[in-house]
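Residue numbers for the sequence shown follow this note's numbering, beginning at 3 and rising by one.
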Amino acid sequence: MTTPHQHRSEDVTETSIGELIGDISNDLSRLFRQEVELAKVEIKEEAGKAGKAAGMLGVAGFAGYLAIVLLSFAVVFGLSNVMDPGWAALIVAVVWAAVGAVLYVNGRKKLKTVDPVPRRTVDTIKEDAQWLKNPTG
């Protein structure tokens, strides 16, 4: 009567080198596919962050444009009651330029937090490469 352990050793001794290489090739292919999937997930997460930051910049720009157009006219007309309309228009333009600068700086700061490199995938690929170099330890 053979034990399960003896049965496995007979299977291993009957396995050809070609089959072992085929198994390794299949395992490496599966590992590579998994790494690619992980990279896709990470890139999708980073693209989402970039999309949100770009959306913020877009909305800030549109809101700034509307504010400049509509409020500028109102403020210029209001200030025209106490000063020359040219000076009133200049003051309003400087104020909105400052607002635009603040929005730009904040949006740019958000974009700098986006990391286009899939860090977890890079780390696991490094681990896989290290394991392939030294599979026993």
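From the three backbone atoms N, C-alpha and C, an ideal C-beta is built for every residue, glycine too. None of these values were measured; they are calculated from a predicted model.
Pairing V116 with A41 gives a Cβ-Cβ distance that is not under 8 angstroms. Three or more Cβ pairs closer than 8 angstroms define a contact, and the stretch 51–66 meets that threshold against the stretch 103–114. Non-local beta-carbon contacts of I93 in its own chain, meaning distances under 7 angstroms to residues more than five positions away in sequence, involve L81 in chain order. By the criterion of at least three beta-carbon pairs nearer than 8 angstroms, the stretch 93–103 is in contact with the stretch 63–71.
With a cutoff of 8 angstroms on beta-carbon distance, D130 and L22 are scored as not near each other. Excluding residues up to 5 positions away in sequence, V78 lie with their Cβ nearer than 7 angstroms to the Cβ of A91 in the same chain.
In the three-state scheme derived from DSSP, where H, G and I count as helix and E and B as strand, P120 is classed as coil.
Apart from sequence neighbours up to five positions away, no residue of its chain approaches R121 with a beta-carbon distance below 6 angstroms.
Distance from the CA of E47 to the CA of P118, rounded to the nearest whole angstrom, comes to 10 angstroms. Here the alpha carbon of N136 sits roughly 23 angstroms from the alpha carbon of V38. For T126 against E44, the beta-carbon gap comes to about 11 angstroms, at or over 8 angstroms, which does not count as contact. In the displayed model, M85 falls within coil according to three-state DSSP, outside both helix and strand.
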